[in-house]
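Protein chains: 2
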Amino acid sequence: MKITPTRLSDGRELIYFDDDPDVLAGRVTRELHDPRDLPETVAESEMRRDPLTGQWVTYAAHRNNRTYMPPANENPLAPTTPGSLPTEVPADDYDVVVFGNRFPSFSTSIAMPDDPADYAWTVDGQDLYPRRPAEAACEVICFTPETTKSFRDLPLSRIRTVVEAWTHRTAALSRIDGVVQVAPFENRGEEIGVTLQHPHGQIYSYPFLPPRSRQILENAREHRAATGRDLFDDMLAAEHRAGTRIILSTGGFTVLVPAAAKWPVEVMVVPNRPVADFTGLTQDEHAALARVLKPLYMAVDRFFEGVERTPYIAAWNQVPVQSRLTGDDESLRGEGRLHLQLFSLMRSPHRMKFLAGSESAFGAWISDTTPEAVAERMRAVWPDDKEWQ
Amino acid sequence: MKITPTRLSDGRELIYFDDDPDVLAGRVTRELHDPRDLPETVAESEMRRDPLTGQWVTYAAHRNNRTYMPPANENPLAPTTPGSLPTEVPADDYDVVVFGNRFPSFSTSIAMPDDPADYAWTVDGQDLYPRRPAEAACEVICFTPETTKSFRDLPLSRIRTVVEAWTHRTAALSRIDGVVQVAPFENRGEEIGVTLQHPHGQIYSYPFLPPRSRQILENAREHRAATGRDLFDDMLAAEHRAGTRIILSTGGFTVLVPAAAKWPVEVMVVPNRPVADFTGLTQDEHAALARVLKPLYMAVDRFFEGVERTPYIAAWNQVPVQSRLTGDDESLRGEGRLHLQLFSLMRSPHRMKFLAGSESAFGAWISDTTPEAVAERMRAVWPDDKEWQ
């Protein structure tokens, strides 16, 4: 793999991750210069802590102007081909490319208030409402230059390059002052509001511990206090004993439906040994992971009869940056494990689950299916090795 | 008001709440007998505790067969008129009616496993996965017999009857063994998956403390430990000092946009004094609440230019049944306050917010607006008193 870091005209970083180390030499026309004259974007994001729930909510009003479903000839994630409008990617071809989001929720260039008094960082001067600049980074990752393709279509070598890119960015974003967790995820499908069809994901970083991560770490800490054992180890052992929800266990990873899955389709990929984040995987595990993800994404798109592309959210939960767990949160260090949570809100062909009163207002999930039924279906549609090897 | 309890043919309770105490005498044709021959429904709901998040997830697979958007002549919530098919409501007219949900998420008639060994109530015999029957009750409340109307159209007297019905059911459902919280809510709009257009709400009860309630109680307990004061008192005081998010304060209630609101439109109605649930409101407060809700629901439907019916979720958060807070949760007794959380996922006319990776996978909300802008808009569209008095 070859990594080529560059800059866009407004100063944002753009990095090419090429499958083949010789790729730059082999492509005569690769253009690294961004011909556009973009103004530097300064985000106005702020975060506020809800005194009732204790959660940080981020306000990024500037994002209301972002690009929605542009016509195909204005796809900002496509390579820039000769004669066409320049896109976000100056090169006329790429394998995988990562760059700063032009409309980020979190940014390292935050507009600070004019009035120094506002630096007190409370809402309206009320101590009950802490407020902070939403300082972190949001990046975009394109999985392929081919707009009509999807993650499931990537060859193993490309999936491996994507894993390397996630690893590289996890290390880089973790170094940003104040970043607590790096969160690569992909939203796929118009059904869940995806605004650009080009196969791509997001790499968010959070300047606070996101609620789900906090829950997991707190439960893992309690489990260790009570049993002396690792919660993920015990979960994997319980799944192997039960056998009813495991889809695949191979090459250092287990693919399973969680015993208390919330979503109509939900799959988890977990390393069998304690790995904190992408930077903890070995080269062999990168290759093994690619061989797990390829059939998984194929199976997800076969889950519903007559649905060619299952809308999904695929989110990589990584352990937080340990040194940023301070105060009471220091006791959460050493807990958690890298895992993929891939889920869909589709409940039957073309019918979506809506999060209504129980889920959205009270946080209490009601499911119309069972984890065992989902696992059975996943095993039934899982592709034979020869379909993708 | 007159309360007339009856039973449907399958044994479910159905209760008429009539605005006028003399109503039954005044309507010659009211039929209390359900002419249908419905089999008793036995739910198969179970709950499982997710070891990673600590949350209970409910599985109600039998609900997959429930009624979707029936044609108007099959509206199961309409009164049964002579010559038409019998509906869920045998009477040919009603003001407000409450009855057990035919497809409940939680039920007091749960099918128990055949094998006594399954009573151990763990998933697959694994101690890591506690499992329980989903025992509680789910009721439906119809606000009016007029199918094309909406909550905003109800006269004050009817809103008061609805409040009395919520109060009656909060008391009744709280008495069910194991019920921890009673949760009246309304989902409105096809945009959020509402399956029946008839103006109605749900009254859920939960056999566990729902996640959002737990967060609120824990934060209130911490706030009291740190300051000696009530969190809701301090929140209301902070809002009055700031003044930027209060929409209305009158008759014992404050209407405001929370300082860290998560949703594109979000409004909270809070009693100014500590009231635990509907049963703690005085008769005067019932009347005052009706005078707050009427203009509020009118304003919500004026929020977006060109949108006649704003899709919303209106959820009443009540304090849990105190005696059911046991063990560590005993320390949560005495915390919390009745409040309405009314919110919409509409972000601009006919464009919905989707909960994608950040919200759904990590629980980290990103908002495109600010609470102050929402409050300003609500004040601008708030109806004059003479429009509804």
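Heads up: the sequence lines are chains A and B, in that order. This note's numbering applies: residue 516 is where the first sequence begins, and numbers increase by one. This note's numbering applies: residue 516 is where the second sequence begins, and numbers increase by one. Heads up, the beta-carbon is just placed ideally off N, CA and C, and yes, glycines get one too.
Simplified DSSP assignment, three categories, for residue i
i: residue 533(B); result: strand
i: residue 517(B); result: strand
i: residue 855(A); result: strand
i: residue 798(B); result: helix
i: residue 747(A); result: helix
i: residue 730(B); result: helix
i: residue 522(B); result: strand
i: residue 694(B); result: coil
i: residue 810(B); result: helix
i: residue 685(A); result: helix
i: residue 614(B); result: strand
i: residue 543(B); result: Bear in mind that the predicted position of residue 543(B) carries a pLDDT of just 45, short of 50, making it unreliable; the figure below should be weighed with that in mind. Residue state, collapsed to three classes: coil.
i: residue 606(B); result: coil
i: residue 737(A); result: helix
i: residue 804(B); result: helix
i: residue 558(B); result: strand
i: residue 564(A); result: strand
i: residue 715(A); result: strand
i: residue 705(A); result: helix
i: residue 781(A); result: strand
i: residue 742(B); result: helix
i: residue 793(B); result: helix
i: residue 820(B); result: coil
i: residue 592(B); result: coil
i: residue 772(B); result: coil
From the options, residue whose alpha carbon lies closest to that of residue i
i: residue 783(A); options: 834(A), 777(A), 773(A), 789(A); result: 773(A)
i: residue 662(B); options: 712(B), 719(B), 575(B), 651(B); result: 712(B)
i: residue 890(A); options: 775(A), 845(A), 865(A); result: 775(A)
i: residue 831(A); options: 825(A), 804(A), 841(A); result: 804(A)
i: residue 600(A); options: 646(A), 609(A), 590(A); result: 590(A)
i: residue 693(A); options: 678(A), 667(A), 723(A), 703(A); result: 723(A)
i: residue 827(A); options: 865(A), 534(A), 526(A), 877(A); result: 865(A)
i: residue 989(A); options: 817(A), 810(A), 861(A), 884(A); result: The requested residue 989(A) is not part of the displayed model; chain A covers only 516 to 904.
i: residue 518(A); options: 529(A), 528(A), 533(A); result: 533(A)
i: residue 611(B); options: 653(B), 672(B), 755(B); result: 672(B)
i: residue 780(B); options: 863(B), 700(B), 680(B); result: 863(B)
i: residue 934(B); options: 614(B), 751(B), 757(B); result: Not covered by the structure: residue 934(B). The range shown for chain B is 516 to 904.
i: residue 816(B); options: 895(B), 835(B), 836(B), 744(B); result: 895(B)
i: residue 527(A); options: 812(A), 617(A), 660(A); result: 617(A)
i: residue 678(B); options: 554(B), 650(B), 793(B), 636(B); result: 793(B)
i: residue 674(B); options: 653(B), 560(B), 550(B), 715(B); result: 715(B)
i: residue 860(B); options: 708(A), 607(A), 696(A); result: 708(A)
i: residue 800(A); options: 565(A), 729(A), 765(A), 670(A); result: 765(A)
Contacts that residue i makes with chain B (C-beta to C-beta distance below 7 Å)
i: residue 566(A); result: 734, 746, 750
i: residue 889(A); result: Correct list: empty, because the minimum Cβ distance to chain B is about 11 Å.
i: residue 639(A); result: 757, 759
Interface partners of residue i on chain A, CB under 8 Å
i: residue 769(B); result: Here the premise fails: no neighbours, minimum Cβ distance about 14 Å.
i: residue 644(B); result: 753, 774, 775
i: residue 794(B); result: Going along chain A, no residue has its Cβ under 8 Å from residue 794(B), so there is no contact; the nearest lies around 19 Å.
i: residue 526(B); result: Result: empty, since nearest Cβ-Cβ is about 23 Å, beyond 8 Å.
Interface residues of chain B facing residue i [CB-CB closer than 9 Å]
i: residue 877(A); result: 696, 698, 700, 719, 721, 725, 726, 727, 728, 830, 832
i: residue 817(A); result: What residue 817(A) touches in chain B: nothing, since even the nearest Cβ is about 21 Å away.
Contacts of residue i in chain B (Cβ-Cβ under 8 Å)
i: residue 620(A); result: 873, 881
i: residue 836(A); result: Result: empty, since nearest Cβ-Cβ is about 15 Å, beyond 8 Å.
i: residue 731(A); result: 567, 568
Contact test: residue i Cβ vs the ligand PLP heavy atom, cutoff 7 Å
i: residue 663(B); result: You won't find the ligand PLP in this model; it holds no ligand whatsoever.
Any C-beta of chain C under 8 Å from that of residue i
i: residue 572(A); result: The chain labelled as chain C is not found among the protein chains of the depicted structure, namely A and B.
(message) Give the list of continuous alpha helix (DSSP H) stretches no shorter than 4 residues that lie fully inside the segment 634 to 676 of chain A.
(response) If only complete runs of 4 or more residues are kept, the segment 634 to 676 of chain A shows no alpha helix (DSSP H) anywhere.
(message) Can you pull out the residues from the segment 855 to 874 of chain A whose beta carbon lies closer than 7 Å to at least one beta carbon of chain B?
(response) Result list: 856, 869, 870, 871, 872, 873.
(request) Return the chain-ordered ranges of every beta strand (DSSP E) run that is complete within the segment 827 to 903 of chain B and spans a minimum of 3 residues. (result) Runs found: 827 to 832, 854 to 859, 861 to 863.
(message) Under 7 Å, CB to CB, which of the residues in the segment 687 to 714 of chain A have a partner in chain B?
(response) Those residues of the segment 687 to 714 of chain A that come within reach of chain B (Cβ to Cβ, closer than 7 Å) are 698, 700, 702, 707, 708.
(message) To be precise: take each residue of the segment 543 to 564 of chain B, compare its Cβ to all Cβ atoms of chain A, and keep it if any distance is under 7 Å. Which residues remain?
(response) Per Cβ criterion, the list reads 563, 564.
(request) Note down, in chain order, all residues in the segment 595 to 624 of chain A with a beta-carbon under 7 Å from any beta-carbon belonging to chain B. (result) Within the segment 595 to 624 of chain A, the residues whose Cβ lies closer than 7 Å to some Cβ of chain B are 620, listed in chain order.
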